[in-house]
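All remarks here apply to the structure that follows.
Chains as they are written, first to last, in the numbering used here: chain A, 1049 to 1244; chain B, 1049 to 1244.
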């Protein structure tokens, strides 16, 4: 069994965590402000105020830096299900919209789309971010829909927010989010749940 | 009244049109292959096989080049309405999906989103492209829905294709497109059209 860390060890650990956070925050800032091309070890070191050696030591490649920066983006909080489907779907899409506003999630998604076009190593990072993002909506609708109808409903709800944010350059209003959820739930009511 | 152009004038006009087309084709190729940063007068001249002076002469600024290249993208054919709403919506979304495949419309949209983030002069170009893209869906649903419900339905249908293409890196299947349209139409049937 490992011995408990002593005080000096704890201080060193805290320093590593702080360095790690500082550097990833700087990476994300470059990413959202100037695009993925700006994420280079020298730029990140300068922006974060650490040596290049420190950056290379933690993240040997640019993809390592990009991956960890996007993983920070992916920590969007999901509210626990309340039992009320309509309430939960509205809360989830509103939370998604608010993350776009607060943490420039829309910009992060746009950069990630651009990045994966030229850098296939980042496709798993995108897929994880998207799967995490869609998960709650999918889980809540899965008892009611299946197959292409479930896929369609998830794509439509998440896609409505994306379409407004990326293609119109503005975030959807509460009214539009509520209308999206209500149209979806009415469609399900109208046909009843898919046969098991 | 202008005199009818003579043979020499017609040949000169044809040459101008060909030059124009060659250069915009090269611009679009750079744009889709390497992103908007690659669209510079020297790059475009090299790619198209014309002198820089010719490129500058037709398009004095980079934004002129970008604007005309994106306007070429926006010439997606819309089928005339058949009278069958379901058929028309499915045909429209399928056409959108097929343009993504054939002419890399998904890549053009991704580049345009990235471009407008740093170049506000291109926002009207994006807005025109998006308005043209959504127009038929909006026109067909406008007799049945209004206000936030109409906005939501348009965003959901167009957004479902966008979500699948940009966020999942694959194009929606015929089944998913059909399911998206059917969910929307069932929602409208369930509540009836909006009161006038």
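Glycine residues also receive a C-beta, built at the ideal position from the N, C-alpha and C atoms.
On a predicted model such as this, the values are computed, not experimentally measured, just so you know.
In this structure, residue 1215 of chain B lies away from residue 1121 of chain A, with their beta-carbon atoms at least 7 Å apart.
With 16 or more neighbouring CB atoms inside 10 Å of its own CB, residue 1152 of chain B falls in the buried class. In this structure, residue 1159 of chain B lies near residue 1079 of chain B, with their beta-carbon atoms less than 7 Å apart.
Beta-carbon to beta-carbon, residue 1141 of chain A and residue 1228 of chain A are separated by about 7 Å, close enough to satisfy the 8 Å threshold. Scanning its chain for C-beta atoms nearer than 7 Å, with the 5 sequence neighbours on each side dropped, one finds around residue 1134 of chain A the residues 1229 and 1233, in chain order. Inclusion of residue 1163 of chain A and residue 1084 of chain A in the CB contact set at 7 Å is warranted, their separation being smaller than that value. Listed in chain order, the alpha helix (DSSP H) runs fully inside the region 1115-1185 of chain A are 1133-1151 and 1153-1166, counting runs of at least 4 residues.
Under a 10 Å Cβ-count criterion, residue 1095 of chain B is classified as buried, with 16 or more other Cβ atoms of the shown protein chains found around its own Cβ. Between the C-alpha atoms of residue 1219 of chain B and residue 1180 of chain A there is a straight-line separation of about 20 Å. Contact annotation for residue 1221 of chain B against chain A: 1196 and 1199 [CB-CB distance below 9 Å, chain order].
Interface with chain B (7 Å Cβ-Cβ cutoff): residue 1063 of chain A is excluded.
If you draw a straight line from the Cα of residue 1235 of chain B to the Cα of residue 1174 of chain A, it comes to about 32 Å. At a C-beta separation below 7 Å, residue 1161 of chain B has these neighbours in chain A: 1158 and 1214.
Taking 8 Å as the cut-off between beta carbons, none of the residues of the region 1119-1146 of chain A comes near chain B.
Nearest CB-CB separation between residue 1203 of chain B and chain A: below the 7 Å threshold. The region 1062-1076 of chain A makes contact with the region 1101-1114 of chain A; the number of CB pairs closer than 8 Å reaches 3 or more.
Here residue 1150 of chain A is exposed: its Cβ has fewer than 16 other Cβ atoms, across all protein chains shown, within 10 Å.
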